[in-house]
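A.B. asks:
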Amino acid sequence: MLFRSGREGRSLLLNCFSACRTHARTANRSHAERWNESCFQISPNSKSNCAVIETRQLTKRYGDLIAVNHIDLNLKEGDVFGFIGPNGSGKTTTMRMLATLLQPDYGEAYVCGMSIYTHPREIRRLVGFMPDFFGVYEDMTVVEYLEFFAAAYRVLPNKRRKVVEEKLELVDMAFKRDAMVNQLSRGQTQRIGLARVLLHDPQVLLLDEPASGLDPRARIEIRNLLKRLGELNKTVIVSSHILPELADVCTRVGMIEKGVLIVDGYVNEVMRKARRRIMLNIRVGADTDRAAGLLEQHDLVEGVSIGSDELLEVTLSAEVEDYSDLPTVLIEAGFKLSLFREEEVNLETAFMELTKGLVQ
Ligand code: ADP
Ligand code: MG
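Every letter in the sequence shown is one number past the one before it in the working numbering, and letter 173, counting from 1, is 181.
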């Protein structure tokens, strides 16, 4: 059974605008109106706290295979969501459903308050979908190619040239404006692909493996672009089968395995969940053994080991968040602290911790 509403769509106005919040005003009265009530009241310059992309139990099967298995997502303006999972885990299938190119078998998905079942045309105007592989056209220059798509996206003829130039600047490809599209490098082609999906200024970007097959420099450029899109308050889903590729540009991360979303949250939340115990690195200069003994006796401390260069590696007890007493304890005992810091958990370690044993 699908979460469809018979009332959805009756009040749809055909006149669509490019801004997400404006769209929601004209959309189906049930979900979209509720969305609008709580989301449209805020000042246009501030970030909305409402879901721009929301899925409930979104599911897709291919025969016996459940490619996407009851996925719940809730993404807001400015969220850059790193959708991470190995090949075949269901990333493309999820994105194609959100782009209204594929019908789910179960569940619901809303983009800016509009259901993918009842408002696919409106959603397509709000979404820029960059597939993992897309063809480019022969015998066309970069500008001709983009102007062609600007026309397809119904950018007005007198605005096309300006829009194309703007997007070329945004993706740092203005210097290739007169090059033939089929003579660009893979990285340059990806950037033109990104310019292409930005032409109609979509609120939502679905970028399927945009960095795959790129050299390290081109990857960095794509990552910088992703950051810029978040700053422009777009909502971005960007997929990758490699976690480190996205770790530092995403505000949010989700990990999918065999169609199941096994980790989802803001980057700092994910880190906090993974870090079950705080680890401290302390250096006291001299008499490290005595410092270790002192720390071991403290209530907040679960264990102490001495690493290379006399580094004290201190594991705090579960649930301990405030360890501000510890430096005082050491200083009062006559130690000079040359280092006192919390050990950083990187996102990769966090994921390893969180996904351990969760998937058969
Ligand atoms: P990802 O993008 O994470 O690599 P996909 O969403 O492409 O994963 O695929 C998820 C699963 O669904 C895979 O097992 C894939 O083989 C299967 N699949 C994808 N598309 C089809 C299709 N059209 N018909 C049958 N199986 C499919
Ligand atoms: Mg894929």
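Cβ coordinates follow ideal geometry from the N, Cα and C atoms, glycine included. Source: prediction; values computed, not measured.
Would you say the beta carbon of E217 is closer than 7 Å to some non-hydrogen atom of the ligand MG?
C.D. replies: Flag set: Cβ of E217 near the ligand MG.
A.B. asks: Since I264 contacts F91 with CB under 8 Å, what's their CB separation in whole angstroms?
C.D. replies: Confirmed, Cβ separation roughly 7 Å.
A.B. asks: Tell me whether T102, by its Cβ, gets closer than 7 Å to a heavy atom of the ligand MG.
C.D. replies: No, Cβ of T102 sits at least 7 Å from all heavy atoms of the ligand MG.
A.B. asks: How big is the Cα-Cα spacing for N95 and C258?
C.D. replies: Distance between the alpha carbons of N95 and C258 is about 20 Å.
A.B. asks: Quick check on DSSP: helix, strand or coil for I50?
C.D. replies: Residue confidence for I50 is low, a pLDDT of 43 falling below 50, so the modelled location carries little weight and cannot support an answer.
A.B. asks: Taking 8 Å as the cut-off, decide whether the C-beta atoms of E350 and I250 are in contact.
C.D. replies: For E350 and I250, no; Cβs fall outside 8 Å.
A.B. asks: Less than 8 Å between the CB atoms is what I'm expecting for V337 and L302, so what's the real figure, rounded?
C.D. replies: About 7 Å; that satisfies the 8 Å criterion.
A.B. asks: Which whole-angstrom value is the C-beta distance of N77 and E62, which I expect to be below 8 Å?
C.D. replies: Not quite, the Cβ-Cβ distance comes to about 17 Å (not below 8 Å), so this is no contact.
A.B. asks: Assign P218 to buried or exposed, taking buried as 16 or more other Cβ atoms, counted over all protein chains shown, within 10 Å of its Cβ.
C.D. replies: Flag for P218 reads buried.
A.B. asks: Which residues in the same chain as R69 place their Cβ atom closer than 6 Å to its Cβ, once the five residues preceding and following it in sequence are excluded?
C.D. replies: D113.
A.B. asks: Let me know if R199 comes out buried or exposed under the rule of 16 or more other beta-carbons within 10 Å of its beta-carbon.
C.D. replies: Its Cβ being crowded by 16 or more others within 10 Å, R199 is buried.
A.B. asks: Is it the case that the CB of K99 approaches a heavy atom of the ligand MG more closely than 7 Å?
C.D. replies: Yes.
A.B. asks: When you measure from the CB of D140 to every non-hydrogen atom of the ligand MG, does any distance come out below 7 Å?
C.D. replies: Yes, the ligand MG has a heavy atom inside 7 Å of this Cβ.
A.B. asks: Quick check: does the Cβ of G342 come within less than 7 Å of any heavy atom belonging to the ligand ADP?
C.D. replies: Flag unset: Cβ of G342 not near the ligand ADP.
A.B. asks: Report yes or no: do the segment 191 to 198 and the segment 223 to 235 share at least 3 C-beta pairs separated by less than 8 Å?
C.D. replies: Touching, yes, given that three or more Cβ pairs across the two stretches are closer than 8 Å.
A.B. asks: I'd like to confirm something about G96: is its beta-carbon nearer than 7 Å to some heavy atom of the ligand ADP, or not?
C.D. replies: Yes, the ligand ADP has a heavy atom inside 7 Å of this Cβ.
A.B. asks: Would you say the beta carbon of Y161 is closer than 7 Å to some non-hydrogen atom of the ligand ADP?
C.D. replies: Checking every heavy atom of the ligand ADP against the Cβ of Y161, none is found closer than 7 Å.
A.B. asks: What's the C-alpha gap between A182 and E173?
C.D. replies: So the alpha carbons of these two residues sit roughly 7 Å apart.
A.B. asks: For a test of your reading of the model: does the CB of G311 fall under 7 Å from any non-hydrogen atom of the ligand ADP? Yes or no.
C.D. replies: The answer is no for G311.
A.B. asks: Output needed for Q111: all residues of its chain with C-beta closer than 7 Å, excluding positions within five of it in sequence on either side, in chain order.
C.D. replies: Here the set comprises nothing.
A.B. asks: Rounded to whole angstroms, what is the Cα-Cα separation between V88 and G342?
C.D. replies: Between V88 and G342, the C-alpha separation is close to 48 Å.
A.B. asks: What do you get for E130, buried or exposed, if any count of 16 or more other CB atoms within 10 angstroms of its CB means buried?
C.D. replies: It is buried - the Cβ of E130 has at least 16 other Cβ atoms within 10 Å.
A.B. asks: Return yes when the Cβ of L154 is within less than 8 Å of the Cβ of L207, no when it is not.
C.D. replies: Yes; because the gap between Cβ atoms is below 8 Å, this pair is in contact.
A.B. asks: Using a Cβ-Cβ cutoff of less than 7 Å, which residues in the same chain neighbour Y161 once the five nearest sequence positions on both sides are dropped?
C.D. replies: These residues qualify, in order along the chain: L207 and H208.
A.B. asks: Could you pull out every unbroken alpha helix (DSSP H) segment of at least 4 residues lying fully inside the segment 43 to 123, listed in chain order?
C.D. replies: Within the segment 43 to 123, the complete alpha helix (DSSP H) runs of at least 4 residues are 99 to 106.
A.B. asks: Tell me whether Y70 counts as near the ligand ADP, meaning its Cβ is closer than 7 Å to at least one heavy atom of that ligand.
C.D. replies: It does: the Cβ of Y70 is within 7 Å (strictly closer) of some heavy atom of the ligand ADP.
A.B. asks: Excluding five sequence neighbours on each side, which residues of the same chain lie with their C-beta closer than 7 Å to the C-beta of K184?
C.D. replies: The answer, listed in chain order, is V150, L192 and Q196.
A.B. asks: Please return the same chain residues whose Cβ sits closer than 6 Å to the Cβ of L269, not counting the five positions on each side in sequence.
C.D. replies: So the list reads I79 and G262, once near-sequence residues are dropped.
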